[in-house]
Each structure stands twice: as C-alpha cells, then as structure tokens.
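Going by my numbering, the first residue of the sequence shown is number 122, and it counts up by one from there. Backbone N, C-alpha and C define an ideal beta-carbon position, used for all residues, glycine too. Notes follow the structure.
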Amino acid sequence: MRCMSFQRARTDEQRGERRRQILATAAAMLTEMPVAELTLTALSRRVCLAKANVLRYFESREAVLLALLEAEVADWITELEAAPAADGSAAGERGDRFAELLATSLARRPVLCDLMSAQSTVLEHNISAETALRHKRAVHGYLEVLVRFTAGHLPELGDEDAAALMQSVMLVAVAAWPASRPPRAVLDAYATDPALAVMCVDFADVVRRTAAVTVSGLLARERQPR
Numbered sequence: 122m123r124c125m126s127f128q129r130a131r132t133d134e135q136r137g138e139r140r141r142q143i144l145a146t147a148a149a150m151l152t153e154m155p156v157a158e159l160t161l162t163a164l165s166r167r168v169c170l171a172k173a174n175v176l177r178y179f180e181s182r183e184a185v186l187l188a189l190l191e192a193e194v195a196d197w198i199t200e201l202e203a204a205p206a207a208d209g210s211a212a213g214e215r216g217d218r219f220a221e222l223l224a225t226s227l228a229r230r231p232v233l234c235d236l237m238s239a240q241s242t243v244l245e246h247n248i249s250a251e252t253a254l255r256h257k258r259a260v261h262g263y264l265e266v267l268v269r270f271t272a273g274h275l276p277e278l279g280d281e282d283a284a285a286l287m288q289s290v291m292l293v294a295v296a297a298w299p300a301s302r303p304p305r306a307v308l309d310a311y312a313t314d315p316a317l318a319v320m321c322v323d324f325a326d327v328v329r330r331t332a333a334v335t336v337s338g339l340l341a342r343e344r345q346p347r
C-alpha cells in the first residue's frame, strides 16, 4: 500500500480534514475487522501517519472510535428520518412497523453495532474527562433526536416513554450484537450438536421483538386509568 505524502496541517480546515481522513480510515478498517482488533499502530499505518501524529488529533484509539461512533449514529438517524412517516393506522400496527424499522436499519449497520457493543466496556476507557463530557453530550443530543423521531411515529407515547423505548432498544442491541456473532469454536459446537443451535441469537429478530413488545407494553400502560 502506497502512503500519501502528507504535509503538517496548519489551519483549522487542514486539521479538520486530517481528522476526517483518520475517521474514514478507521471506518474502512472496521468493515474488515472487529473493534477489538483495530489498534492504533494499524490505524496509523493505514492512514500513513506516525502514531504520534494521529495522537495530535485524537488523544487515544478509544477517542477515535468514540468519534466514529458519533458519526455512525448521526448517519443512522439520517436514514431513519428518511423513512415514511406514520400513517393513520392503529397504534399497535404502527408500533410493529416501527420495531421492524429499528431492527432492520441497525442490522444493516454492522460497524455501528460493533461500536455500540464496545462503548461502555472498551471505548469509554483510556479517555480524558473532557473527551467523556463531549461524547456524552453528543450522545444526549442524539437521544433527544431519536425521542422526537419516535414521537413522530408513535405520538401516543409521551417523551418519557419514547425515551424508555429507545433506551431498551439500544441496550438490547448492545447485548444481542456480540451474541449473534459467536466465535468459530462456538459455531463448530453448534454444527456438532444442532440442538444447541437454538442458543444462537438472530440480531434483527431479537431487536424487533424487544421493540415491538416494549411498544405494546407502553401503549397498554398509557391506556390504563391513572
């Protein structure tokens, strides 16, 4: 692989472009390998910068991946917002369609799912309080957008229930993603004893069922007398 000849970034525009190059390279690498295998050394080689130079723009590998996670979430939200608006059908039917939308859109984004599954256990370590604060503020902003998006499809849910729904979906997605991608030894065990294959998780199905059941429960609770 030939490296591009880089000059030192001196302006804000040049520094921003260098950050975008690093993030784009990390995103491309994550289509080839899981988060756990992406090292700062490998990233710096792929982007054709010394590790010290990568660290001029991001304080750590984890900071790179958190920034990439934020970009992936923003792209996901853009995709969701392009989906057709809810029609006048019954709330339960709209809830089922909304659950299908969330599940299928997440399943199409393996890089996002892999980053989300590593967020709390890996990516939020080895970062400064400043980076943590910036990241959490970004995540909070995205959650607010998702709550408004949910209300557009399911206006029967208030903001509190819409936030509860999105929180449940995201937590299940975080757990279901790695469970749906077992290592080779586990796949071999399933092949040896097909009865064990029932333990294999279908990511999209788990997210869809969880979202649909949660919507149904929240709607039922809204109908109960206060």
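Reduced DSSP category for residue i - H, G, I as helix; E, B as strand; rest coil
i: residue 203; result: coil
i: residue 211; result: coil
i: residue 252; result: helix
i: residue 261; result: helix
i: residue 174; result: helix
i: residue 180; result: coil
i: residue 315; result: helix
Residue i, buried or exposed, once every other Cβ within 10 Å from all chains shown has been counted against 16
i: residue 137; result: exposed
i: residue 271; result: buried
i: residue 154; result: exposed
i: residue 193; result: buried
i: residue 117; result: As displayed, the chain neither begins before 122 nor continues past 347, which places residue 117 out of reach and without an answer.
i: residue 353; result: This structure does not reach residue 353, given that the chain is present from 122 up to 347, and the question cannot be answered.
C-beta contact flag for residue i and residue j at 8 Å
i: residue 340; j: residue 262; result: no
i: residue 267; j: residue 336; result: no
i: residue 95; j: residue 278; result: The chain is shown from 122 up to 347; residue 95 falls before or after that span and cannot be answered.
i: residue 152; j: residue 167; result: no
i: residue 180; j: residue 248; result: yes
i: residue 331; j: residue 301; result: no
i: residue 293; j: residue 328; result: yes
Problem - Length at least 3, wholly inside the segment 271-310: the beta strand (DSSP E) runs in chain order - result: Within the segment 271-310, no complete beta strand (DSSP E) run reaches 3 residues.
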